[in-house]
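Numbering (my numbering), first residue to last: 1 to 269.
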């Protein structure tokens, strides 16, 4: 595994990891974590995906080991650093995989630079957050209230208990809480505001790359919302993972990996 930093505009140091099978003609994979995540978010995917693909994971600005600036937390800012990452590594068109906010970023990358994208896997989100029901709206406004009234440590504890409530998930819950407590409060507040304010562009629904949207019945955003997005996209499919919540790559890694690999196989034959 190679670990390194690249310098992106405007003068940000971005941490990434590069590993996997480089002796292949299959597209490389770029994994984009969600709000508050980092490269550790994909630890259950790396063994499965690196068998036949080169895999690049990165820490978005303000996350993990990347630089923590005082600016640059808009969706467009994040999309631009992903584009610069792909260009700096001289990658051919990639399979982009985005989780939660990372999925919104992946959609934006595909909208801005479709030439860089072989396919999209969008996990537990859509191209934007629709407050399509009272329950979804309440969840996000509750999170915003938490951000202004509680410490990062308390928010991490709350999220871990909600996302991984089963007794068998105790190791994942503990790992999530430990990693999540490392987040910078300013980054989190600013990124969350940008996330809920973001609205997608009409050209998203003309993205030529095939799209796999992955959801669950207990996600923050509804299955109905994901179905609406899938029907608007020219080459999109919806896959629902049972017994999962908002972070399917962590709470149901085998089911997630199998769905993604099967989707890629359709376009790599």
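Think of the CB as a built atom: it goes at the ideal place given N, C-alpha and C, for glycine as much as any other residue.
Three or more Cβ pairs drawn from the region 39-46 and the region 248-262 lie within less than 8 angstroms of each other, which places the two stretches in contact. In terms of Cα proximity to residue 203, the closest of 40, 191, 108, 64 is 108.
For residue 18, the three-state secondary structure derived from DSSP is strand. With a cutoff of 8 angstroms on beta-carbon distance, residue 119 and residue 264 are scored as near each other. If you draw a straight line from the Cα of residue 39 to the Cα of residue 110, it is about 21 angstroms long.
About 7 angstroms separates the Cβ atoms of residue 14 and residue 61, confirming a contact at the 8 angstroms cut-off. Here residue 56 really is in contact with residue 18; their C-beta atoms are around 5 angstroms apart, less than 8 angstroms. Annotation: the continuous beta strand (DSSP E) that includes residue 4 extends over 2-8. For residue 105, same chain residues with a beta-carbon under 8 angstroms away, outside a window of 5 residues either side, are 32, 60, 75, 78, 79, 82, 98 in chain order. The beta carbons of residue 235 and residue 210 sit closer together than 8 angstroms. In this structure, the straight-line span from the alpha carbon of residue 54 to that of residue 27 is close to 8 angstroms. Non-local beta-carbon contacts of residue 245 in its own chain, meaning distances under 7 angstroms to residues more than five positions away in sequence, involve 163, 216, 218, 219, 251 in chain order. By the neighbour-count criterion, in which a residue is buried when 16 or more other Cβ atoms sit within 10 angstroms of its Cβ, residue 149 is exposed. An exposed status is given to residue 71, since fewer than 16 other beta-carbon atoms sit within 10 Å of its beta-carbon.
Straight across, the Cα-Cα distance linking residue 126 with residue 185 is about 25 angstroms. Checking the DSSP bridge columns, you'll see residue 100 has no partner listed. With fewer than 16 other Cβ atoms inside 10 Å of its own Cβ, residue 243 counts as exposed. Here residue 207 is near residue 114, since their CB atoms are less than 8 angstroms apart. Pairing residue 29 with residue 86 gives a Cβ-Cβ distance that is not under 8 angstroms. Straight-line measurement puts the Cα of residue 177 at about 10 angstroms from the Cα of residue 152. Residue 24 and residue 52 have their C-alpha atoms roughly 7 angstroms apart. Sixteen is the threshold: since fewer than 16 other Cβ atoms of the shown chains lie within 10 Å of the Cβ of residue 266, the residue is exposed.
Note on residue 188: 16 or more other CB atoms within 10 angstroms of its CB, so buried under the neighbour-count rule.
Taken through DSSP and simplified to helix, strand or coil, residue 149 comes out as helix.
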